[in-house]
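In the numbering used here, the protein residues as written are 127 to 525.
Before any comments, here is the structure.
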């Protein structure tokens, strides 16, 4: 079985990083595998790379004792049971910033297309009509862009939009320092009432589920444009369909959906299909050559650093320990239950086997602690067996 398994056509830059680090036992799959097949593909794997369609649940993770780390070659990690992974001593890494520019550019392009009614005009020309009317077509300059969620993508979009002469306001549940001339709106309702273009950049989850619904859509400026390139669960699709049909929303662009097709040949099931002023794209916000190459390198580098040094910097579910040069002959990576005296019992066990600790770093998070220990001397199989058999041990590896 392969040491590294990569699913869903991850960019070749990831393989380049692994190979350069001396990790050459790699199996690749062009797509996600059915649940009945994925276990066999992962049996014996130490590092796993996935994108958004491969789901790693608690049961599957629990049946993979060799698994040391998971790399999500994307932004989101909700396709992985990250808590179960943590309790098994398995850090999960992602690429939270690598596709920021790609998503921001797509959103801005869609805003311009919808303001100019390009989707409708394009369709009519294809049907043989030459309609040059300027009715309902507007410049982006001078329009108000309302950004819901002023994180990495939202703030990048903010600077791009200002370059076009747009006025930018934003709403975020956390206080954020504005870039350029952007200003925070007093509330979501205030943003909706002011904005000519509304764009959503919030995480998924219960807190944001259907935040754009019949009530919030009714609060928008009539004819406003709505763009969602964040999570499919953020928008009530039926309510949006009604708002577009009534003219309350003048146009919409969606790159994400509550339920997305699992294959190229499976059609999208949405009432928004066929509407002339709605742009529907197949979750391509980050699908540029530049972003996929960056994601491939970033996540692979995180996996390699963890595999070879134990650093968990950038892990989404794990105590973070930064990189540090090895201070001894061997390095132990020990994940344990976060209990009083845990570190002392580990150190005593090493002392009983004649191993001197050269350096040691500990960090805890919730139910687990993670300690990197550099020791003088060789760590025998007997020592490793004793460490792994200790009652507080979750996982122990040697690098």
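Virtual Cβ for every residue (Gly too), placed ideally from N, Cα, C.
For clarity, every value in this text was computed on a predicted model and none was experimentally measured.
When burial is assigned at 16 or more other CB atoms within 10 Å of the CB, is residue i buried or exposed?
i, result
"residue 341", "exposed"
"residue 206", "buried"
"residue 255", "exposed"
"residue 467", "exposed"
"residue 521", "buried"
"residue 451", "exposed"
"residue 410", "exposed"
"residue 289", "exposed"
"residue 248", "exposed"
"residue 245", "buried"
"residue 209", "exposed"
"residue 235", "exposed"
"residue 415", "exposed"
"residue 299", "exposed"
"residue 258", "exposed"
"residue 282", "buried"
"residue 508", "exposed"
"residue 500", "buried"
"residue 269", "buried"
"residue 252", "exposed"
"residue 276", "buried"
"residue 394", "exposed"
"residue 217", "buried"
For residue i, which of helix, strand or coil comes out of DSSP?
i, result
"residue 491", "strand"
"residue 77", "Nothing can be reported for residue 77, as the shown portion of the chain is limited to 127 through 525."
"residue 364", "helix"
"residue 423", "helix"
"residue 500", "strand"
"residue 287", "helix"
"residue 188", "helix"
"residue 414", "coil"
"residue 357", "coil"
"residue 327", "coil"
"residue 337", "coil"
"residue 401", "coil"
"residue 80", "The requested residue 80 does not occur in the structure, where the chain is confined to residues 127 to 525."
"residue 507", "helix"
"residue 240", "helix"
"residue 136", "coil"
"residue 227", "helix"
"residue 214", "coil"
"residue 390", "coil"
"residue 433", "helix"
"residue 262", "coil"
"residue 252", "helix"
"residue 267", "coil"
"residue 345", "coil"
"residue 281", "helix"
Please check the pair residue i and residue j, which I expect to be a contact at CB under 8 Å, by giving their CB distance rounded to whole angstroms.
i, j, result
"residue 429", "residue 197", "5 Å"
"residue 356", "residue 327", "5 Å"
"residue 203", "residue 134", "Actually they do not touch by this definition, with Cβ atoms about 14 Å apart."
"residue 308", "residue 294", "4 Å"
"residue 375", "residue 343", "6 Å"
"residue 139", "residue 419", "5 Å"
"residue 444", "residue 491", "7 Å"
"residue 144", "residue 425", "Actually they do not touch by this definition, with Cβ atoms about 11 Å apart."
"residue 456", "residue 497", "Between residue 497 and residue 456 the Cβ distance is about 14 Å, and since that is not below 8 Å, they are no contact."
"residue 405", "residue 369", "With a Cβ gap of about 16 Å, residue 405 and residue 369 do not count as contacting."
"residue 524", "residue 489", "That belief does not hold up - the Cβ atoms of residue 524 and residue 489 are roughly 19 Å apart, past 8 Å."
"residue 200", "residue 228", "No, residue 200 and residue 228 are not in contact; Cβ-Cβ is about 12 Å, not under 8 Å."
"residue 407", "residue 391", "17 Å between Cβ atoms; not a contact."
"residue 136", "residue 422", "6 Å"
"residue 171", "residue 193", "6 Å"
"residue 516", "residue 475", "7 Å"
"residue 155", "residue 167", "7 Å"
"residue 323", "residue 353", "7 Å"
Can you name the residues that DSSP bridges to residue i?
i, result
"residue 441", "219"
"residue 375", "350"
"residue 197", "175, 219"
"residue 521", "461"
"residue 273", "296, 325"
"residue 130", "152, 173"
"residue 406", "380"
"residue 206", "182"
Inset, instruction - Pick out the complete alpha helix (DSSP H) segments inside the stretch 444-494, 4 residues or longer, and give them in chain order. - result: 468-478
Inset, instruction - Return the chain-ordered ranges of every beta strand (DSSP E) run that is complete within the stretch 145-182 and spans a minimum of 3 residues. - result: 152-154, 173-176
Legend entry - Length at least 3, wholly inside the stretch 301-327: the beta strand (DSSP E) runs in chain order: 323-326
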